[in-house]
Amino acid sequence: MVALNVVHAACPHDCPDTCAIAVTTEGTGAARRAIKVEGDARHADTAGFLCAKVSKYLERVYDPRRVLHPFRRCGKKGEGRFTRITWDEAIAEITGRWKDLIATCGPQCILPYSYAGTMGLVQGQGMDRRFFHRMGASLLARTICATAGAAGYKATIGASIGMEARHFAESKFILIWGSNPVTSNVHLWRYVLEAKKRGARVVTIDPYRTRTAAASDEHLAIIPGTDAALALAMMRVIVDEQLYDADYVARYTLGFEALCERLQSYTPAAVAPMVGLDEATIVGLARAYARTQPSAIRINYGLQRHAGGGMAVRTIACLPALVGAWRHPAGGILLSTSGTFPLNYAALERPDWIPPGTRTINMTRLGEALMNRDEAGRPAGFDPPVLALYVYNSNPAAIAPDQNQVLAGLRREDLFTVVHEQFFTDTTDYADIVLPATTQLEHMDVVKPYGHLSLMFNEPAIPPLGEAKSNSDVFRLLAQAMGYTEPELQESDEQLIRAVLDVRHPWMEGITFERLRAEGYVRLNLPSPFAPFAEGGFPTPSGKCEFYSESLARQGMDPLPAYVPPRENVHSNPPLAARYPLALISPPAHNFLNSTFVNQDSLRRVEKEPIVELHPSDAEPRGIRDGQMVRVFNDRGAFCVRARVSGRIRPGVAYAPGIWWAKFSPDGRNVNATTGQALTDLGGGATFYDVLVEVEPLDAQARALL
Numbered sequence: 001m002v003a004l005n006v007v008h009a010a011c012p013h014d015c016p017d018t019c020a021i022a023v024t025t026e027g028t029g030a031a032r033r034a035i036k037v038e039g040d041a042r043h044a045d046t047a048g049f050l051c052a053k054v055s056k057y058l059e060r061v062y063d064p065r066r067v068l069h070p071f072r073r074c075g076k077k078g079e080g081r082f083t084r085i086t087w088d089e090a091i092a093e094i095t096g097r098w099k100d101l102i103a104t105c106g107p108q109c110i111l112p113y114s115y116a117g118t119m120g121l122v123q124g125q126g127m128d129r130r131f132f133h134r135m136g137a138s139l140l141a142r143t144i145c146a147t148a149g150a151a152g153y154k155a156t157i158g159a160s161i162g163m164e165a166r167h168f169a170e171s172k173f174i175l176i177w178g179s180n181p182v183t184s185n186v187h188l189w190r191y192v193l194e195a196k197k198r199g200a201r202v203v204t205i206d207p208y209r210t211r212t213a214a215a216s217d218e219h220l221a222i223i224p225g226t227d228a229a230l231a232l233a234m235m236r237v238i239v240d241e242q243l244y245d246a247d248y249v250a251r252y253t254l255g256f257e258a259l260c261e262r263l264q265s266y267t268p269a270a271v272a273p274m275v276g277l278d279e280a281t282i283v284g285l286a287r288a289y290a291r292t293q294p295s296a297i298r299i300n301y302g303l304q305r306h307a308g309g310g311m312a313v314r315t316i317a318c319l320p321a322l323v324g325a326w327r328h329p330a331g332g333i334l335l336s337t338s339g340t341f342p343l344n345y346a347a348l349e350r351p352d353w354i355p356p357g358t359r360t361i362n363m364t365r366l367g368e369a370l371m372n373r374d375e376a377g378r379p380a381g382f383d384p385p386v387l388a389l390y391v392y393n394s395n396p397a398a399i400a401p402d403q404n405q406v407l408a409g410l411r412r413e414d415l416f417t418v419v420h421e422q423f424f425t426d427t428t429d430y431a432d433i434v435l436p437a438t439t440q441l442e443h444m445d446v447v448k449p450y451g452h453l454s455l456m457f458n459e460p461a462i463p464p465l466g467e468a469k470s471n472s473d474v475f476r477l478l479a480q481a482m483g484y485t486e487p488e489l490q491e492s493d494e495q496l497i498r499a500v501l502d503v504r505h506p507w508m509e510g511i512t513f514e515r516l517r518a519e520g521y522v523r524l525n526l527p528s529p530f531a532p533f534a535e536g537g538f539p540t541p542s543g544k545c546e547f548y549s550e551s552l553a554r555q556g557m558d559p560l561p562a563y564v565p566p567r568e569n570v571h572s573n574p575p576l577a578a579r580y581p582l583a584l585i586s587p588p589a590h591n592f593l594n595s596t597f598v599n600q601d602s603l604r605r606v607e608k609e610p611i612v613e614l615h616p617s618d619a620e621p622r623g624i625r626d627g628q629m630v631r632v633f634n635d636r637g638a639f640c641v642r643a644r645v646s647g648r649i650r651p652g653v654a655y656a657p658g659i660w661w662a663k664f665s666p667d668g669r670n671v672n673a674t675t676g677q678a679l680t681d682l683g684g685g686a687t688f689y690d691v692l693v694e695v696e697p698l699d700a701q702a703r704a705l706l
């Protein structure tokens with residue numbers, strides 16, 4: 001009989017659910033093969049099911065198009081033409097080029113570029129950090145997704161700690177704000193549906209009628225980037241009508257009087273035209289939220305991808321303390337649970353190895369870094385210039401903003417680019433060297449979630465396919481070839497996990513490598529039910545929920561909640577809006593996760609093709625019909641897609657779900673041809689949803705060229 005075995009694994013993708021996975025394998029040794037991937041029924045949050053993407057993970061692992069050997073470029077950059085080489089040749093060429101560059105320009109001309117291709121601590125932020133810190137390479141500010149919201153939340157709450165997802169099932173009023181859990185947080189949605197069955201009211205705030213909005217009791221389609229104004233108007237109603245929890249405010253908040261003074265400028269009547277809702281709707285929302293306890297808010301990172309994104313999250317995060325929702329396990333707010341895990345990142349990453357004066361380059365501004373020119377074309381002042389790029393866990397040719405400038409930089413013949421990848425992506429097309437990467441089933445890791453409270457272990461289920469190597473294995477090889485003799489650069493994955501778990505904290509007591517490996521996941525030592533701030537105890541400097549933030553004041557920033565409008569908005573920038581009148585948003589497509597899974601045939605067939613969705617009132621005057629090919633453009637660039645005309649998007653907004661690879665786009669461009677490199681108010685985050693565009697039909701000649 002064929003030997004069957006079940007292995008504990010964890011989903012590595014950038015999703016709050018971080019599912020516990022059971023992988024069934026057959027065979028032994030080098031012949032071991034995975035035959036089934038399913039959700040672990042023992043894990044309360046995973047509950048035995050996976051999303052549509054990860055349930056088909058074996059298609060990804062055994063895809064015949066995987067990169068399974070090292071390759072060297074043999075054509076022009078961008079052509080994606082390569083010849084196979086050995087690992088020895090690849091490592092020798094990479095380290096030889098790096099040594100030459102370091103000798104002539106110093107190590108800061110080398111830039112690592114990575115993000116959340118895996119959320120694993122070992123393969124995502126372990127040996128890679130140690131290696132580049134030891135080298136003295138430029139540091140990368142990893143800002144492209146969550147830093148604005150995290151900074152805003154921290155200014156109010158103190159850390160990324162919030163409600164436990166399972167307690168949403170007991171909430172009586174649920175506000176889904178800038179989030180689409182049916183697509184991007186499906187295991188939380190299970191709890192929301194349970195609450196609905198018990199009589200809870202669910203309201204979704206989103207410019208687009210998402211799957212979540214359609215399944216909610218009410219959908220409020222606001223203008224993109226105006227979330228903070230709406231939250232301030234809600235607070236104005238709550239204070240004016242004395243619907244706030246005076247006892248909780250007095251005991252556990254700071255700056256209430258100053259907040260009340262700030263609210264004087266945010267009446268529902270004044271805010272209504274800013275946000276695109278009527279005054280009565282704003283008043284009704286505020287009353288329902290305050291009066292129906294326990295009330296819960298689920299926010300996500302989409303609402304912070306504009307100029308005032310950090311302040312938007314900060315402002316919304318004030319609401320639960322104002323109404324005393326934190327008193328209940330089923331009340332409060334959830335952005336991320338990542339701050340709940342007290343792990344030893346210093347031991348894992350060794351930031352003490354960073355040479356003094358090492359510069360930091362913001363990953364959102366990759367185009368600017370590669371071209372040494374800002375958005376206006378002025379010299380950006382990078383000295384030394386970036387002469388080598390090492391890409392792993394990311395696909396910047398597809399996901400980075402201002403795509404035309406990024407691609408121009410990647411085409412530079414003097415830029416030595418190495419990409420460690422599972423597939424030939426848009427980015428590998430510009431690489432000098434491509435290295436084969438393992439999937440989650442082929443390496444060891446531990447994954448820290450940001451949507452629940454269990455630390456997850458990932459046991460390698462099968463041997464690496466072909467010549468694929470994990471990130472940590474490659475960095476050990478590179479360190480050896482560079483002549484780095486520190487023993488910490490040769491530590492095993494097990495040693496890295498033990499290092500990050502080496503912390504003395506009551507929440508981590510008893511969570512050891514051995515226990516994690518044996519059980520597959522372990523919940524933090526927290527009470528159940530968990531009400532983190534029922535009696536205050538916020539991890540802020542004051543220990544209170546800070547309506548007034550001294551830390552922001554010391555940084556010269558507004559210490560109070562405020563509305564910072566988008567840079568590209570009909571009200572904030574009328575001249576630009578006269579040329580480009582449509583606000584563009586580009587959330588993930590239902591069957592993709594950022595640019596991951598786009599090349600998986602079964603999932604791409606469901607998504608069909610890139611689209612832009614317009615309201616009939618915007619499509620008709622432009623002569624755009626449903627199903628017609630159109631051009632979406634602004635001063636930064638353009639992309640061509642098929643138009644969808646429907647009432648799901650509010651007037652004045654264009655919706656282009658992403659992130660499609662250029663390989664699968666009609667004109668070799670995606671939505672990021674129109675997005676910019678400007679940063680958020682807090683956290684230096686990306687502003688993907690702060691974009692004005694125009695849309696026009698493609699004429700017959702242009703369609704023929706696609």
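Mapping of the sequence shown onto UniProt numbering: position 132 corresponds to residue 132, and the numbering continues sequentially without gaps.
The beta carbon of each residue, even a glycine, is placed where N, CA and C say it ideally should be.
Since this is a predicted model, take the numbers as computed values, not measurements.
Item	Value
Taking the alpha carbon of residue 232 as the reference point, which residue from 167, 494, 242, 271 has its own alpha carbon closest?	271
Output yes or no for whether 8 Å exceeds the beta carbon distance between residue 171 and residue 290.	no
DSSP puts residue 627 in a beta bridge; with which residues?	In DSSP, residue 627 forms no bridge with anything.
Taking the C-alpha atoms as reference points, what is the distance between residue 729 and residue 115?	A query on residue 729 cannot be resolved here, the shown segment of the chain reaching from 1 to 706 and no further.
Would residue 683 and residue 307 be called neighbours here (beta carbons separated by less than 8 Å)?	no
Which parts of the UniProt domain "4Fe-4S Mo/W bis-MGD-type" (4 to 65) are runs of the beta strand (DSSP E), unbroken and 3 residues or longer, counting only runs that do not cross its ends?	4 to 10, 20 to 26, 33 to 39
Counting only runs that start and end within the region 128 to 184, where is the beta strand (DSSP E) found for 3 or more residues in a row?	139 to 141, 173 to 177
Identify the continuous beta strand (DSSP E) that holds residue 644 and give its terminal residues.	638 to 645
Would you check if the distance between the CB atom of residue 697 and the CB atom of residue 624 is smaller than 8 Å?	yes
Is the beta carbon of residue 662 less than 8 Å from the beta carbon of residue 502?	no
Quick one, which of 292, 226, 312, 248 has its alpha-carbon nearest residue 276's?	226
Identify every residue that forms a DSSP beta bridge with residue 112.	390
Answer with buried or exposed for residue 220, where buried requires no fewer than 16 other C-beta atoms within 10 angstroms of its C-beta.	buried
Rounding to the nearest angstrom, what Cα-Cα distance links residue 107 and residue 88 in this structure?	23 Å
Taking just the CA atoms, how far does residue 330 sit from residue 409?	49 Å
Are the CB atoms of residue 38 and residue 4 nearer to each other than 8 Å?	no
Quick one: what does DSSP say residue 665 is sitting in, helix, strand or coil?	coil
What separation, rounded to the nearest whole angstrom, lies between the Cα atoms of residue 454 and residue 583?	39 Å
Just to check, is the beta-carbon of residue 216 closer than 7 Å to a non-hydrogen atom of the ligand FAD?	Among the components modelled here there is no ligand, and therefore nothing to report on the ligand FAD.
Does the distance from the CB of residue 423 to the CB of residue 84 come in under 8 Å?	no
Taking only three categories from DSSP, how would you classify residue 683?	coil
Please work out which residues of its chain come closer than 8 Å, Cβ to Cβ, to residue 185, disregarding the five sequence neighbours upstream and downstream, and give them in chain order.	15, 16, 17, 179, 298, 300, 451
Looking only at its own chain, which residues have a Cβ that is under 7 Å from the Cβ of residue 401, when we skip the five neighbours before and after it?	364, 672, 675, 676, 677, 686, 688
For the alpha helix (DSSP H) that residue 291 lies in, which residues bound it at each end?	279 to 291
Going by other Cβ atoms of all chains shown within 10 Å of its Cβ, with 16 needed for buried, is residue 440 buried or exposed?	buried
Between residue 130 and residue 382, what straight-line distance do the alpha-carbon atoms span, to the nearest angstrom?	24 Å
Could you give the DSSP three-state label for residue 306: helix, strand or coil?	coil
Bridge partners for residue 583 per DSSP, in chain order?	653, 692
Is the separation between the beta-carbon of residue 471 and that of residue 392 shorter than 8 Å?	yes
Taking only the alpha-carbon atoms, compute the straight-line gap between residue 543 and residue 133 and give it to the nearest angstrom.	34 Å
So residue 72 is in the beta strand (DSSP E); what residue range does that whole segment cover?	71 to 73
DSSP has residue 469 in a bridge; who is on the other side?	437
Quick one: residues in its chain with C-beta nearer than 6 Å to the C-beta of residue 49, no 5 flanking neighbours on either side, listed in chain order?	39
So, under 8 Å CB-CB, residue 435 and residue 416 are touching, yes? Tell me the CB distance rounded to an integer number of Å.	About 14 Å separates the two Cβ atoms, so there is no contact after all.
Among the residues of its own chain, which have a CB less than 7 Å from the CB of residue 238, if the five just before and after it don't count?	244, 286, 290, 322, 323
What residue range is occupied by the uninterrupted beta strand (DSSP E) comprising residue 416?	416 to 421
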